[in-house]
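Everything on this sheet refers to the single structure shown next.
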Amino acid sequence: MKIIVDAMGGDNAPLEIVKGALQAQKRFGADIVFTGDEAAILDAVKACGLTDLPDGAAVIPTTETVEMCDDPATVFRRKKDTSMGVGLTLLKNGGGDAMVSAGSTGALHVGTSLIVRTVKGVKRPALATPMPGAKQNFLLLDCGANVECRPEMLNAFGTMGSVYAEKVMGRETPKVALVNNGAEDTKGTPTYREAHKLLKANPCIHFAGNIEPRYIMDGDVDVVVCDGFVGNVVLKLTEGVAKTLLGMLKKIFLQNLITKLSYLGIKGGLGELKRMMDSEEVGGAPLLGAAKPVIKAHGSSHAKGIKNAIRQAKLCVANDLCGTMEKALAEVAAQKEEADA
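To convert, note that position 73 of the sequence shown is 72 in numbering that gives the first Met the number 0; the numbers rise steadily by one, no gaps.
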């Protein structure tokens, strides 16, 4: 299996990207193809303690980089030789089985749609992020790729999320819920009310109805569906609350000798909680609906996050995620045609 890695994308590129990819190669056994500035990549390899690229790793040299300030809609027309664009083209043409990038979310979303294309039945891919829950982790989508969505898009997200939860997360009959401001069918905007009807009639999912934001983190459902604006707010608010609470707990336990001794008794549990809230444990968010697996790693990813993003990419390929998703979406379309006939 061959994973393409955008070595120049992200705040810590190329060193942390290269380090994480080499760790993933050693741990998971996948071949790695880096795209980017060859000299900078080889310098990063040497900084990792190696004299040259190991067997199973290669570089496709590029001369340009997608910057965070670049307009996603035009960057690939203006810049023809970016590490991201070349990587996506390589993926499209069969030069790799999946791609990982920590670069611009907007550019990766547009590039995936235009270059790699989407499976039949999907107009725009959705960014899906595994999130920690009290009972179990769950999948949140969309969490930033599509700010405004039509009802049929939210319905497609439900199908794609269900397939991912089953094939990658190992869930049997995943439960799918729609984020809303109330549990009743009549709650929400016209778009969300129509989406509720479509999801309820979707034969490919087990729809659990609306879910209020305060219950999302309970972990009672496997897939949580919303538009990209709502999803991004949920994601960033959760990250912020987790960081704040962990910081407050640390201050409490450092108050005096008694609280410090108490901390020793629950140190293991707090460590596990911190690990659960660590975005780098997840690694990245797949762009569900893409014709081939594309994983968006966090822009601030270090080596650990890149390594786990490559693990995710490998799972997507091994489980034929894209092929299974296309079949499920085709079934939804067939059911709709029957209903309309």
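Beta carbons: idealized from backbone N, C-alpha and C, even for Gly.
In this text, all values refer to a predicted model and were calculated from it rather than measured experimentally.
| Query | Result |
| --- | --- |
| Through-space distance from Ala144 to Ala176, alpha-carbon basis | 19 Å |
| Classification of Thr73 by the beta-carbon crowding that lies within 10 angstroms, buried from 16 upward | exposed |
| Thr243 in three-state terms, based on DSSP | helix |
| Member of Val121, Val32, Phe27, Met7 whose CA lies at the smallest distance from the CA of His321 | For clarity, residue 321 is Cys in the given sequence; the question names His instead. Cys321 has its Cα closest to that of Val121, out of Val121, Val32, Phe27, Met7. |
| Residue from Val118, Met7, Met0, Ile3 whose Cα sits closest to the Cα of Ser341 | The structure shown has nothing for residue 341, since the chain only spans 0 to 340. |
| Unbroken alpha helix (DSSP H) run spanning Asn307, endpoints | 302–317 |
| Spatial distance of Thr190 from Asn180 (CA atoms) | 13 Å |
| Selection from Val58, Ile59, Arg123, Lys235 that minimises the alpha carbon distance to Met159 | Arg123 |
| Test item: CB-CB of Ala23 and Ile305 under 9 Å | yes |
| Counted within 10 angstroms of its Cβ, other Cβ atoms place Met152 as buried (16 or more) or exposed | buried |
| Member of Glu337, Val99, Thr323, Ala333 whose CA lies at the smallest distance from the CA of Tyr163 | Thr323 |
| Contact belief for Phe137 with Gly218 at Cβ below 8 Å, rounded distance in angstroms | 6 Å |
| Closest by C-alpha distance to Ala284, when choosing among Ala332, Ile2, Ala101 | Ala101 |
| Rounded C-alpha distance that separates His195 from Thr64 | 41 Å |
| Any non-hydrogen atom of the ligand ADP within 8 Å of Val17 CB | This structure lacks the ligand ADP; in fact it carries no ligand of any kind. |
| C-alpha distance - Glu193 paired with Ala182, whole-angstrom precision | 15 Å |
| Rounded straight-line distance, which links the Cα of Asn154 to that of Gln334 | 13 Å |
| C-beta contact flag for Ala57 and Val85 at 9 Å | no |
| Whole-angstrom distance between Glu325 and Arg170, CA atom to CA atom | 19 Å |
| Beta-carbon proximity of Asp221 to Pro292, cut-off 9 Å | no |
| Coarse secondary structure for Tyr231, derived from DSSP in three states | Rather than Tyr, the amino acid found at residue 231 in this sequence is Asn. Three-state result, Asn231: helix. |
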